[in-house]
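Counted the way mature numbering (1 follows the signal peptide of the UniProt record, and there is no 0) counts, the sequence shown spans residues -20 to -1, 1 to 551.
From the three backbone atoms N, C-alpha and C, an ideal C-beta is built for every residue, glycine too.
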Amino acid sequence: MAFQRLRLLISLIIVAAVSADRMVLHEQRAAPPAGFTSQGAAPANESITLRVALTSNNVKGLQDKLMSVSTPGGADFRQWLSMEDVKSYVQPSAATTTAFQSFAAANGLNSSVISPNGDWFSITLPISQANSLFAANFEKFTNPNMKTALTRTLSVSLPEELVGHVEVLHPTTAFDGPGTRPRLASGTRSRRAVPPDSCMGPNDTITPACLQTLYGIPTTPATQTNSTLFVTGYTEQWAQRADLVNFLKAFRPDIPPNTTYALETLDGGSDPQQADDFDIVEANLDIQYTVGLATGVPVTFLSVGDDDTEEAFFTQLLDTTTSLAGAANPPTTITTSYGSNEVDFGSSLATKICNGYMALGARGISVLFASGDGGVRGGHDDESQCNNNTFIPVFPSTCPFVTSVGATVNFNPEIAESFSSGGFSNFFPTPSYQSGAVAAYLKSLPSDFPGIFNSSGRGFPDVAFQGSQFAVVFNNKTAGFDGTSCASPGFTSVIALINDRLVADGKPVLGFLNPWLYGNAGALTDITIGHNSGDACGNSTFSGFDASAGWDPLTGLGTPIFDKLLTAAMA
């Protein structure tokens, strides 16, 4: 009997060893991101829904094609791809789809396709089975700035038969951190030069008239209805139509006050009116400085649902990219004022989302993001969130297929805002379109500059725009707000107006902007003063970056000069 027990034990050990050998580590992190604390194992019988990203059949081909159609001088410059063209690159191979579906069926799992291009599936299973199938250890993690706990694992592996077929399992090692909001301006600031008369808004706030004067943005209405601007609404932020009416009456009296926005929803999104202040400021800012600045351009508020949880932001980004890449008539410009620390996403999820923006760029969509409001500390709100004495980049701004917008303040000259996030990605290498500009900046750094950033990474932001003390109407009140959330809708409005002129002239829209922007740096005002220390994380090594001649990781190439950008676009 004892011998039989021993033989059984040896057999179990052999089976376990074989099973372990068949698992391949997919992604892991040594510890949860700063601010998160484990509360122990997740209940074994609790269900979890995992999104599974299958490997696209030709991502490299899509990237090559995107760079070809977006780089000035090429034979196919701005010959943007159709929905079917993009799908041919993005969809998984038949072998990849079969491998995953066979795995799911063998383990009693129902798999559902959740993306138009067939590269995302969904499975729901008990925590115990997820732990077993993917060599995971799901735990509950809390963050003092979040109301709900996250179910995450610090390590996830793939069965050998899925290696090369599966790119992402989410949620596993990615941690959706607490969101940020534009900040209420701290009173009237002293400015380094007397502003134009049009920039003397209430309590020294910035208004559309100021921005039109500063950057030469025209007030002449757009004429083309098929060149559209989307404003994304995430994390339960809702635009208010009544506030937009009051904003236009106060700050754009030259256009009808009933000028409004269209609404599209995704994942059960909505746009309830008469919401609380906290739930409307971001969306109101974005809508008021697109409708109120991109005169006559059709603006749509894309409200993406989040299942009433604080961990939905990453999936909102995913679903936005997959939905728009498969849309028959996508927008021509998109502005997003949200982001999170790059490290919180993890490499595999960030790469998959970034590839989604690559697909949008190939469709001819200009995708712009606010760079973030934490200086070199990313999205961290206080010193307790700082980690490892390294600069913290912000994603999706670090994605090389989006245009990242930093913030400036003051006039004649403009200077970089200290809160404006910028730096270098730890996931994505320096893209070819900015390699010369980034190399020149790195060469200008002092020899003793601390090596606490990835000098071979994608540099961000790409451009800048005013980002301080924007007058925003919310629930019949008006106040000034700061943030790169002000800058992104402003720069996007410039692009939308240029697109309108291009379409009217029978030309293709700008699409993926970056190769064109870096090739036309003279169409922007170079910002050479400023420092982005953020809150410095209480450490002298977090001294931040300085603005300089040429591209820099505070203001990118600089702020727009409308007429020069339009001339470059028409060339």
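Check	Outcome
What are the partner residues of Lys457, as DSSP defines its beta bridges?	Phe454
Name the two residues that bound the continuous beta strand (DSSP E) containing Ala33.	27 to 34
Comparing alpha-carbon positions, which option in Phe114, Gly402, Thr312 lies nearest Gly524?	Gly402
Report the option in Thr199, Asp266, Leu149 whose CA atom is closest to the CA atom of Arg31.	Leu149
Judging by CA-CA distance, which residue of Ser424, Val453, Ala263, Ser412 is the nearest neighbour of Thr187?	Val453
Could I get the ranges of all uninterrupted alpha helix (DSSP H) runs contained in the segment 44 to 87, with 4 residues as the minimum, in chain order?	63 to 70, 74 to 86
Can you tell me which of Val4, Ala202, Gln109, Thr131 puts its alpha carbon nearest to the alpha carbon of Val483?	Ala202
Using CA coordinates, which residue listed in Gln220, Pro233, Gly285, Gln268 is at the minimum distance from Gln254?	Gln220
Quick check: the Cα distance between Gly538 and Gly88, rounded to an integer number of angstroms?	55 Å
Starting from the Cα of Thr410, find the closest Cα among Ala22, Asp480, Leu422 and give me that residue.	Leu422
Which of the three DSSP states, helix, strand or coil, is assigned to Lys120?	strand
Is it right to say Thr383 is buried, meaning 16 or more other beta carbons lie within 10 angstroms of its own, or is it exposed?	buried
Among the candidates Gly276, Val323, Gln59, whose CA atom is the shortest distance from the CA of Gly341?	Gln59
Put Pro469 into one of helix, strand or coil per three-state DSSP.	helix
For the pair the segment 6 to 21 and the segment 33 to 48, tell me if three or more CB-CB distances fall below 8 Å.	no
Under DSSP, the beta strand (DSSP E) around Gln446 begins and ends at which residues?	443 to 446
With burial defined as no fewer than 16 other Cβ atoms inside 10 Å of the residue's Cβ, what is the status of Gly431: buried or exposed?	exposed
May I have a chain-ordered list of the beta strand (DSSP E) segments no shorter than 3 residues that lie completely inside the segment 322 to 396?	346 to 350, 383 to 389
Which word fits Ala11, buried or exposed, when buried means at least 16 other C-beta atoms lie within 10 angstroms of its C-beta?	exposed
Taking 9 Å as the cut-off, decide whether the C-beta atoms of Phe294 and Pro151 are in contact.	yes
Let me make sure I understand the geometry here. Which of Phe349, Thr185, Lys127, Asn392 has the alpha-carbon closest to that of Thr458?	Thr185
From Arg438 to Gly319, what does the alpha carbon distance come to, in whole angstroms?	16 Å
Measure the C-alpha to C-alpha separation of Ser377 and Thr464 and round it to an integer number of angstroms.	11 Å
Less than 9 Å between the C-beta atoms of Asn496 and Pro52, yes or no?	In the sequence as displayed, the identity of residue 496 is Trp instead of Asn. The answer is yes: Cβ separation under 9 Å.
Would you be able to state if there are at least three C-beta pairs under 8 Å between the segment 15 to 26 and the segment 116 to 135?	yes
What does a CB cutoff of less than 7 Å around Thr78 pick up in its chain, not counting 5 residues either side in sequence?	none
Over the uninterrupted alpha helix (DSSP H) stretch that includes Asn226, give me the two end residues.	221 to 231
Around the Cβ of Ser424, are there at least 16 other Cβ atoms within 10 angstroms (buried) or fewer (exposed)?	exposed
Could you check whether the Cβ of Asn390 sits closer than 9 Å to any Cβ belonging to chain B?	This model lacks chain B altogether; it includes just one protein chain.
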